[in-house]
Each structure stands twice: as C-alpha cells, then as structure tokens.
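> Pasting in a structure now, in structure tokens, and then I'll have a few things to ask.
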Amino acid sequence: MAQLSDDCFAFGGRLMTTAEARALLEARLAPVAGSETVSLGDALGRILAGDLVAPIAVPPHANAAVDGYAVYFDDLAGDAETRLRIVGRAAAGHPTAAPPPRGAALRIFTGAPMPPGPDTVMMQEDCRVDGDSVVIRPGIKRGANFRAAGEDVAAGAVVLRAGHRLRPQDIGLAASLGCRELVVHRRLRVALFSTGDELREPGGPLAPGAIYDSNRYTLAALLRVTGATVSDLGILPDREPAIRAALERAATDHDALVTSGGMSTGEEDHVKAAVEAAGSLHFWRLAIKPGRPVALGQVGRVPFIGLPGNPVAVMVTYLRIARPLLLRLGGATDTEPTLYRVRAGFGYRKKPDRREYVRAWLETDDDGAPVARRFPRDGAGILSSMVEADGLVELAEGLTTLEPGAPVDYLPFSEVFA
C-alpha cells in the first residue's frame, strides 16, 4: 500500500477558505491505491490507472449512415434527376469487396461497409426505384451520409486519460475499441468509526440521554457512492486506549480513516488524544458554514479525517473537503463537481469572508428558468433538511447580501451522489 509523506496535512491555525483547502490538498496528495485489472462489466465508477489508447479506429471502416444507395458523386447530375442501374447489395456484417462500376448504384443499409469507390449515400426516402434502376433527385452534397473510417476515434488516439472516473458512456467507448478489461486503481479502503457513550445502533432501545448513530451510516453511504470500500468499525467506547488501539489496527490495512465528532478538547472527547498519540493531528479551521472544524492527520502515514459532529455539517464538509481528498487518494484527477448558475428565489444575509452553503431545491419560474428555493430551517443538526433539499446554494466569501433574483452557484446532489 502506497503511503503519504509525514505531516502532509500540517497547516497553521488561521481561518482558511475552502478553495485554499482544496488547492493545498491537491498539491500535497498523491494516489495511494495500487492498480488492478477488471472486466468492463465491473468497471463502472472505477478510476483509470493509465491512459486508454485506441488500438483500432472507430469505425474501423467507412460505412453508410442511412439506408439508401451508395453512388459516385461525380455520376450525379447537378440540376436534374439521375437514373442509375442497381448493382448488388451491402448490409451490416456483409460487405461487398468489389467496387461497383461507374454509372451504377449499390443498395446499402445503415452500418454496412462502403465498397471501394462510391463516396456518397442517397437516403432511400429521397429516391424512387424504377425496375432495376434507382432515380436520384438533385441537390445532395458530396460525401453525404458517408461515415469515414476513424470518424469517431482515430487509431492511436488517447480516448480516456488516467485518473478519469468511468461512466456508462466511457465503458461503451472502451467496448467499441475491443477492450474486454481495463486497468483501474484499486478501490480505496476506508475504515469508519464513531465514538460516544450516548450513541446506539439503530433498531435497539434508547436509554435516557442516548441517540441513534446516524452520522456513521450517512458517511458509509457517502463513501460507497464515492467509490470506496468501507470497513465499519462500529461505535468505539469513550476510552482513549481503545480508540487508539482501533486506529492503529485499522491503519495496517486501510488507505484512510474517517470519523465524525469527538474532536474537541473536553474531558470526554478522546479521539483527538488517540490520533495524536498514534500519529499526528492538525485542525483546519475553515471559513465555512455549516462546518468549520475539520481535523486532518495521520496514523503512521495513513490519513485520518475527522469531520464535525452535526449531521448537516458532516455532509457539507464531506462533500467539499473529504470527498475531493479521498478521490485524489484513489487516483482521480477530476475531483470537483460541476456547479450550475441559477437564480436565487430568496434573499439572504451572511458574514463576510465565509463561504456558506444554503440547503435548497430547484423550481421552474414562469419563463422556464431554474430558480433555487431555500429550505426554511438552517440548523446544522436538521438532517431532514438534506432530505427535503435537492442541492446546495454556494455563497462565496465576498458576498454579504443576496437579493432575490440574483445569480447563484448551485450544487445538485445528483453531481456528488452518483
């Protein structure tokens, strides 16, 4: 297992913008996961470990784009109908090797290889058959309905770059090149745990003062959507030796360690002390709401990510900090989701020098344009708001007053949950 250099997460204590945090992580992190070969059927969502170079051209031969008649363009009259004798037939998978004679037309079907010579295909709807001849009307352009060899992909071209996360269309393209397997980065192995004597597993009874552990289940789902293999270490007791031992065991066969909460300096918050005893820990104070404290460190040389305890803050800091970090460790090069420009359907005031994420959903206004509507409650503990919303409006540090109708950046959950 490849590992990180010592103290790659070291950073001073000032408030840092999310853009600075992501740029710093991008500069300091390198993939830690090795590579493996998988079948195309198992490649969805995996990250390419090397460039995919086309071994053949696609299509491998010139072919017809429509059902019709393959002709020599120079045989056609420019301003009158042309009558050509029909000689032969070509269908997909059944090519005709011999070129038709000049002054003749070859019946051809979509996808059939073009015979040598003809350079144009007349669509059958624009022709009429008269006995053993076809009558072609004027006006077609040279090369119409003719697909050249390599029109889609040239042999030797780099079609997918290393670090690309494979989508359905990428897998189809690889299949069109004749690939049965692809070399991808091994899935990142992430150990996940919670601490807190107040936490209970869902399904059991709740004692007075206890709550169900929702953050661990949220994070496990987020990690799997990101493409990681998750080892659920469960709820660890509020005892520093037990937490430290679990961390040190997990660091021997995992690529990253993730938790939420338990990172303050109180007498009952033992995760901080356990990580510091087993390695190193640095608090990154982000100028972000909800969120702010994110702990990044290492147990040995295995990265540790400590996220806030409030469930909405967990999701926001995961999506904007932890997710890009983990994708980078897993070999991905494109780690940032696409934000879309929409109109705000609400007004908002915020502090300067802080990036805020407002839970929202999209509606369509009378002009058919998308408008973001704000979820009315914005507490960091209201997990139901992330269920009701379908994305986040991102408000930059320099903004203090948002007027209704102003353009805003919108991050749909579909960008990061697929």
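Counting along the sequence shown from 1, when you hit position 96 you're at 95 in numbering that gives the first Met the number 0, and nothing is skipped either side.
Just so it is clear, CB atoms sit at the ideal spot from N, CA and C, and this is done for glycine as well.
#1: Using a 10 Å radius around the Cβ and a threshold of 16 neighbouring Cβ atoms, would you call A245 buried or exposed?
#2: If you drop the 5 nearest sequence neighbours on each side, which residues of the same chain put their C-beta closer than 6 Å to that of R88?
#3: Cα separation between A103 and T225?
#4: Expressed to the nearest angstrom, what Euclidean distance is found between the alpha-carbon atoms of R186 and G138?
#5: For S132, which beta-bridge partners are listed by DSSP?
#6: In angstroms, rounded to a whole number, what distance separates the CA positions of E396 and A286?
#7: Would T316 be called buried (16 or more neighbouring beta carbons within 10 Å of its own) or exposed?
#8: Are there 16 or more other CB atoms within 10 angstroms of the CB of I210, so buried, or fewer, so exposed?
#9: By Cβ distance below 7 Å, which residues in the same chain neighbour V183 in space, the five residues on each side in sequence not counted?
#10: Per DSSP, what are the beta-bridge partners of L401 in this structure?
#11: What separation, rounded to the nearest whole angstrom, lies between the Cα atoms of A143 and T119?
#12: Mapping the DSSP letters down to three states, classify D231 as helix, strand or coil.
#13: Flag this pair as yes or no: are the beta carbons of R394 and E355 separated by less than 8 Å?
#14: Use the C-beta contact count for R348: other C-beta atoms within 10 angstroms, 16 or more gives buried, fewer gives exposed.
#15: Using the beta-carbon count (16 or more within 10 Å), is T337 buried or exposed?
#16: Could you check what DSSP says for V189 in three-state terms: helix, strand or coil?
#17: In angstroms, rounded to a whole number, what distance separates the CA positions of A154 and D50?
#18: Whole angstroms is fine: what's the gap from P201's alpha carbon to L23's?
#19: Thinking C-alpha only, which one of D78, A368, V301 is nearest A255?
#20: Which first and last residues belong to the beta strand (DSSP E) in which Q297 is found?
#21: Classify F421 as buried or exposed, calling it buried when 16 or more other Cβ atoms lie within 10 Å of its own Cβ.
#22: With three or more beta-carbon pairs closer than 8 Å as the criterion, would you say the stretch 271-282 touches the stretch 302-313?
#23: Would you kindly check if the distance between the Cβ of L382 and the Cβ of V293 is under 8 Å?
#24: Give the DSSP bridge partners of Y339, in chain order.
#25: Give the straight-line distance between the Cα atoms of L398 and P351, rounded to the nearest whole angstrom.
#26: In the DSSP assignment, what are the bridge partners of H281?
#27: Comparing C-alpha positions only, which one of V392, V52, R84 sits nearest to D131?
#28: Report yes if the CB atom of E386 is closer than 8 Å to the CB atom of A371, and no otherwise.
#29: Can you say whether P403 is buried or exposed, counting buried as having 16 or more other CB atoms within 10 angstroms of its CB?
#30: Run the CB neighbour count on D169, radius 10 Å, all protein chains shown included, and call it buried at 16 or more, exposed below.
#31: Can you grab the Cα-Cα spacing for the pair G77 / A148, in whole Å?
#32: Tell whether a beta-carbon distance below 8 Å holds between V357 and T217.
#33: CB-CB under 6 Å to T81, same chain, minus the five flanking residues each way: which ones, in chain order?
#34: For A255, which three-state DSSP category applies?
#35: Helix, strand or coil: which one does DSSP assign to R223?
Reading it off the structure:
#1: Taking the first residue of the sequence shown as 1, we reach residue 245 at position 246. Buried: at least 16 other Cβ atoms inside 10 Å.
#2: Along the sequence shown, one-based indexing puts residue 88 at 89. R106.
#3: Here residue 103 corresponds to residue number 104 of the sequence shown, with the count starting at 1. Here residue 225 corresponds to residue number 226 of the sequence shown, with the count starting at 1. So the alpha carbons of these two residues sit roughly 58 Å apart.
#4: Your numbering for residue 186 matches position 187 in the sequence shown. Your numbering for residue 138 matches position 139 in the sequence shown. Computed Cα separation, rounded: 56 Å.
#5: To locate residue 132, count along the sequence shown from 1; it is residue 133. Bridge partners of S132: R84, D129.
#6: Working through the sequence shown from its first residue, we reach residue 396 at position 397. Working through the sequence shown from its first residue, we reach residue 286 at position 287. Whole-angstrom Cα-Cα distance: 8 Å.
#7: By 1-based counting over the sequence shown, the position of residue 316 is 317. Buried.
#8: Walking along the sequence shown from the start, residue 210 turns up at place 211. Taking every protein chain shown into account, the CB of I210 has fewer than 16 other CB atoms within 10 angstroms, so this residue is exposed.
#9: Taking the first residue of the sequence shown as 1, we reach residue 183 at position 184. Closer than 7 Å at Cβ, skipping near neighbours: S34, E35, V37, A42, R45, I46, L47, A48.
#10: Your numbering for residue 401 matches position 402 in the sequence shown. L401 pairs with Y347.
#11: As a working mapping, residue 143 is identified with position 144 in the sequence shown. As a working mapping, residue 119 is identified with position 120 in the sequence shown. Spanning the two alpha carbons is a distance of roughly 5 Å.
#12: Along the sequence shown, read from residue 1 onward, the residue named residue 231 stands at position 232. Reduced to three states, the DSSP call for D231 is strand.
#13: In the sequence shown, the residue the question calls residue 394 occupies position 395. In the sequence shown, the residue the question calls residue 355 occupies position 356. The sequence shown places Leu at residue 394, not Arg. It is a contact, given that the beta carbons lie within the stated cut-off.
#14: The residue labelled residue 348 in the question sits at position 349 within the sequence shown. Exposed, by the Cβ-count rule.
#15: Here the question's residue 337 lines up with position 338 in the sequence shown. Classification for T337: exposed.
#16: Start at 1 with the first residue of the sequence shown, and residue 189 comes out as number 190. Note: V189 maps to strand in three-state DSSP.
#17: Locating residue 154 in the sequence shown gives position 155, counting from the first residue. Locating residue 50 in the sequence shown gives position 51, counting from the first residue. The straight-line gap from Cα to Cα measures roughly 14 Å.
#18: Translated into the one-based positions of the sequence shown, residue 201 becomes position 202. Translated into the one-based positions of the sequence shown, residue 23 becomes position 24. Each residue's alpha carbon lies about 38 Å from the other.
#19: For the purposes of this step, residue 255 is taken as the residue at position 256 of the sequence shown. Of D78, A368, V301, the residue nearest in Cα terms is V301.
#20: On the sequence shown, position 298 is the one that residue 297 refers to. Annotation for Q297: the continuous beta strand (DSSP E) segment containing it runs 292-298.
#21: Given a span of 0 to 417 for the chain in the structure shown, any question on residue 421 remains unanswerable.
#22: When C-beta atoms of the stretch 271-282 are compared with those of the stretch 302-313, three or more pairs fall below 8 Å, so the two segments count as touching.
#23: Translated into the one-based positions of the sequence shown, residue 293 becomes position 294. Translated into the one-based positions of the sequence shown, residue 382 becomes position 383. Remark: C-beta atoms of V293 and L382 do not approach each other more closely than 8 Å.
#24: The residue labelled residue 339 in the question sits at position 340 within the sequence shown. The partner list for Y339 (beta bridge, DSSP) reads Y409.
#25: Locating residue 398 in the sequence shown gives position 399, counting from the first residue. Locating residue 351 in the sequence shown gives position 352, counting from the first residue. A direct Cα-to-Cα measurement between L398 and P351 gives close to 6 Å.
#26: Numbered from its first residue, the sequence shown carries residue 281 at position 282. DSSP lists L295 as partners of H281.
#27: Stepping through the sequence shown from its first residue, residue 131 is reached at position 132. Of V392, V52, R84, the residue nearest in Cα terms is R84.
#28: Along the sequence shown, read from residue 1 onward, the residue named residue 386 stands at position 387. Along the sequence shown, read from residue 1 onward, the residue named residue 371 stands at position 372. Position check: residue 386 holds Val in this sequence, whereas Glu was assumed. Not a contact, by the Cβ cut-off of 8 Å.
#29: Taking the sequence shown and counting its residues from 1, the one referred to as residue 403 is at position 404. The residue is exposed, with fewer than 16 neighbouring Cβ atoms inside 10 Å.
#30: Working through the sequence shown from its first residue, we reach residue 169 at position 170. By the 10 Å Cβ count, D169 comes out buried.
#31: Residue numbering aside, residue 77 sits at position 78 when the sequence shown is read from its first letter. Residue numbering aside, residue 148 sits at position 149 when the sequence shown is read from its first letter. Their backbone Cα atoms lie some 27 Å apart in a straight line.
#32: By 1-based counting over the sequence shown, the position of residue 357 is 358. By 1-based counting over the sequence shown, the position of residue 217 is 218. In terms of Cβ geometry, V357 and T217 do not form a close pair [threshold 8 Å].
#33: Along the sequence shown, one-based indexing puts residue 81 at 82. Cβ contact annotation for T81 (same chain, cutoff 6 Å, sequence separation greater than five): L75, I135, in chain order.
#34: Looking up residue 255 in the sequence shown gives position 256. If DSSP states are grouped into helix, strand and coil, A255 belongs with the strands.
#35: Sequence index remark: in the sequence shown, residue 223 carries index 224 (1-based). Note: R223 maps to helix in three-state DSSP.
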